[in-house]
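**Q**
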Amino acid sequence: MPSPSTALCRSFSSRRSPRVSPTRSSLSSTSGSEHARSNSLHRRRNETRNAAMKRNLVIVRLPIFACAGLILSLFVVNLWNFAVGRDWPKLRIRSAEPLFNMPAPKPAPWSLDAFLDGETQKAFSASLGQTMPVFPLAVRAKNQFLYSLFDASGASNLVIGKEKQLFERFYVREFCDRSGVFDQNVVEAWADRINEIRKSVEAKGKRFIYLITPSKAARFSRYLPANLYCASLANGTTEKLAPFRAALDLRGVAYVDGASLMTKAASEYPIDLFPRGGTHWNYLGAAIVSRELAQALNKAGEASPFPIYEFEWKQRDEALGTDRDLLNLLNLIWPDVKYPTADVAGQSSRNCARTPELFAVGGSFLVQIVTNLAAAPCGTSIDYWHYVHSVKEPFGRFRVEKIAGVAQFSEEPSRGTDDFAKDFAKAEIVLLEENESVISEMAQVADLLAAASNNHAPPGGSQ
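Take the sequence shown: its position 450, counted from the start at 1, is 450 in UniProt numbering, and no numbers get skipped.
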């Protein structure tokens, strides 16, 4: 018979063994399951974190990809433009809104000296930049920044005055440089040439009229920039035309001083006669002068095929055409074209059995004049030879006629001496124009004198 101690040990073992062994197994199973779940959760978190990092990395790199794609596309476009530019220029890829008055890039000089001096690289890079389709947008963005924030012009030849009035720098410089001193010999020689033209024209049974057109800087000097020092305004030497008018009066030449007329008429109309964004007079200003031209050609006792011109006008609050020529040259992204200008409807004092033939020779201020005259009920058929102050030859030759009630310009291909003489020969009225800023300096005087005198010197000859 076992002892009490042995029985007690057995009893204890029998009670302890069944309880301890299952407990250890349960703990081991639970620990393994939780560890597996923890590992799975950790893996999922890592996967989620890695996926998020990849997405963020893609997003962060998107600008890099976009820039790389843009550079690659520009490279391909430039290759294409260079490939087709010479033989098939119409196939070149261009901006939807090209820049106004942007000169074509100069060809790169390919020589050792030019390369060593850097001229080849400079010309090539300039040409490459201008051929990029984004070039116009970049220029407009820069110009808009300067214009909007600093009232500054991105175009070196333009000046921004008070109330956003635009001026060509050439006209501002000429006006402010007026000294009040004149070379009378130059004035007399010029007037003699004008008078010789008049006599030659009238000897052929034609009518002659001379026109002085205005400079915006001279007639609207109140709008010049406030920080601009203008010597002629400071010294009171702005008057320029008096000796020229006196010389014409002395010789009996019929003329209209459209420049002084603009100053006089400015207070008679509720809008400016020069548009804010243009260098030329608007069509209202041109109509006022057109009326004066018709009256000068129809003085009592002097028969004229040219009828008296009258007009009606109405204000327009959006600039078009030449009323925004300087604004276009600013090359802005958002040009402000909302400013007052005018629409003009011409009226003739009588019906015409036939259309009068006008030979007009002068600068760009004639555009509005010949448009008004051609569009009038008794429309004038006009041969217009256009000169500019920067060249000593005709800049363009245009035929201006009324088609369906509207004045239409058609550019004629020939600019030779024979065409100039033929247009002069068939004309009934000869109109010679010079702007006050370049009076006595333009080549059209010598060219018209040659045609009127049957001297076939080529247009652009010396004066």
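The beta carbon of each residue, even a glycine, is placed where N, CA and C say it ideally should be.
Since the structure is predicted, the reported quantities are computational estimates derived from the model, not experimental observations.
#1: Helix or strand or just coil, what does DSSP make of E312?
#2: Whole beta strand (DSSP E) runs in the UniProt domain "AlgX/AlgJ SGNH hydrolase-like" (183-339) with 3 or more residues, listed along the chain?
#3: DSSP three-state label for Y387, please.
#4: Between which two residues does the alpha helix (DSSP H) carrying Q368 extend?
#5: Per DSSP, Q408 forms a beta bridge with which residues?
#6: With a threshold of 8 Å, are at least 3 pairs of Cβ atoms found where one atom belongs to the stretch 202-211 and the other to the stretch 144-164?
#7: Who are the near neighbours of G180 in its chain, counting only those whose CB is closer than 6 Å to its CB and skipping five residues on each side?
#8: Run through DSSP, which three-state label would F167 get?
#9: Buried or exposed for Q444, going by 16 or more other Cβ atoms inside 10 Å?
#10: Could you please give the first and the last residue of the uninterrupted beta strand (DSSP E) stretch that includes D432?
#11: Using only CA atoms, which one of Q165, A226, L432, Q130 lies nearest to L293?
#12: Kindly indicate which residue of E436, A450, R350, A375 has the alpha-carbon position closest to the one of E239.
#13: To which residues does DSSP link F359 through a beta bridge?
#14: Give me whichever residues DSSP pairs with S348 in a beta bridge.
#15: Run through the DSSP bridge pairs and tell me what V159 is partnered with.
#16: Secondary structure at A353, three-state DSSP: helix, strand or coil?
#17: Give me the Cβ distance between P377 and S348, rounded to the nearest whole Å; I'm assuming they're in contact under 8 Å.
#18: Going along the chain, which residues of its own chain have a beta-carbon closer than 6 Å to the beta-carbon of S153, five neighbours each way excluded?
#19: Could you give the residue range of the alpha helix (DSSP H) that holds R140?
#20: Please look up how many angstroms separate the CB atoms of K162 and Y223, rounded, as I've assumed it's under 8 Å.
#21: Which same chain residues end up closer than 7 Å to N143 when comparing Cβ atoms and leaving out the 5 residues on each side of it in sequence?
#22: If we count the other Cβ atoms within 10 Å of its Cβ and call it buried at 16 or more, is Y387 buried or exposed?
#23: Apart from the five residues just before and just after F409, which ones in its own chain have a Cβ nearer than 6 Å to its Cβ?
#24: Exposed or buried, which one is D447 when buried takes at least 16 other CB atoms within 10 Å?
#25: State the DSSP-derived secondary structure class of D87, mapped to helix, strand or coil.
#26: Three or more C-beta pairs under 8 Å: does that hold for the stretch 350-369 against the stretch 268-278?
**A** The structure says:
#1: Here residue 312 is taken as the residue at index 312 of the sequence shown, counted from 1. In the structure shown, the three-state DSSP call for E312 is strand.
#2: You should have 207-213, 255-257, 309-316.
#3: Working through the sequence shown from its first residue, we reach residue 387 at position 387. Of the three classes helix, strand and coil, the one that applies to Y387 here is coil, per DSSP.
#4: Along the sequence shown, one-based indexing puts residue 368 at 368. Q368 -> alpha helix (DSSP H) spans 366-375.
#5: Counting from 1 along the sequence shown, the entry for residue 408 is found at position 408. Per DSSP, E401.
#6: Here the stretch 202-211 does not lie against the stretch 144-164, with fewer than 3 beta-carbon pairs under 8 Å apart.
#7: Taking the sequence shown and counting its residues from 1, one reaches residue 180 at position 180. If you ignore the 5 residues before and after G180, its C-beta comes within less than 6 Å of the C-beta of T237, all in its own chain and listed in chain order.
#8: Looking up residue 167 in the sequence shown gives position 167. Reduced to three states, the DSSP call for F167 is strand.
#9: Here residue 444 is taken as the residue at index 444 of the sequence shown, counted from 1. Q444 comes out buried.
#10: Taking the first residue of the sequence shown as 1, we reach residue 432 at position 432. Contrary to the premise, residue 432 reads as Leu rather than Asp in this sequence. L432 -> beta strand (DSSP E) spans 429-435.
#11: The count along the sequence shown starts at 1 and reaches residue 293 at position 293. Of Q165, A226, L432, Q130, the residue nearest in Cα terms is L432.
#12: For the purposes of this step, residue 239 is identified with residue 239 of the sequence shown, where counting begins at 1. In terms of Cα proximity to E239, the closest of E436, A450, R350, A375 is E436.
#13: In the sequence shown, residue 359 corresponds to position 359, counting from 1. Answer by DSSP bridge pairing, in chain order: D383, V430.
#14: Here residue 348 corresponds to residue number 348 of the sequence shown, with the count starting at 1. Y309, per the DSSP bridge assignment.
#15: Position 159 of the sequence shown, counting from 1, holds the residue named residue 159. Paired residue(s): F167.
#16: Position 353 of the sequence shown, counted from the start, is the residue given in the question as residue 353. Coil, per DSSP.
#17: As a working note, residue 377 is residue 377 in the sequence shown. As a working note, residue 348 is residue 348 in the sequence shown. About 4 Å separates the two Cβ atoms, so the contact holds.
#18: Reading the sequence shown from its first residue, position 153 is the one you call residue 153. The answer, listed in chain order, is I160.
#19: Within the sequence shown, residue 140 is the residue found at index 140, counting from 1. Looking at the DSSP string, the run of the alpha helix (DSSP H) that includes R140 is 135-150.
#20: Here residue 162 refers to the residue found at position 162 of the sequence shown. Here residue 223 refers to the residue found at position 223 of the sequence shown. Confirmed, about 5 Å.
#21: Working through the sequence shown from its first residue, we reach residue 143 at position 143. Around N143: G154, L330, N331, L332.
#22: Taking the first residue of the sequence shown as position 1, residue 387 is located at position 387. By the C-beta density criterion, Y387 is buried, having at least 16 other C-beta atoms within 10 angstroms.
#23: Position 409 of the sequence shown, counted from the first residue, corresponds to residue 409. Hits under 6 Å: F398, V400.
#24: Taking the sequence shown and counting its residues from 1, the one referred to as residue 447 is at position 447. Buried: at least 16 other Cβ atoms inside 10 Å.
#25: One-based indexing of the sequence shown puts residue 87 at position 87. Note: D87 maps to coil in three-state DSSP.
#26: Flag = no, the stretch 350-369 and the stretch 268-278 do not touch.
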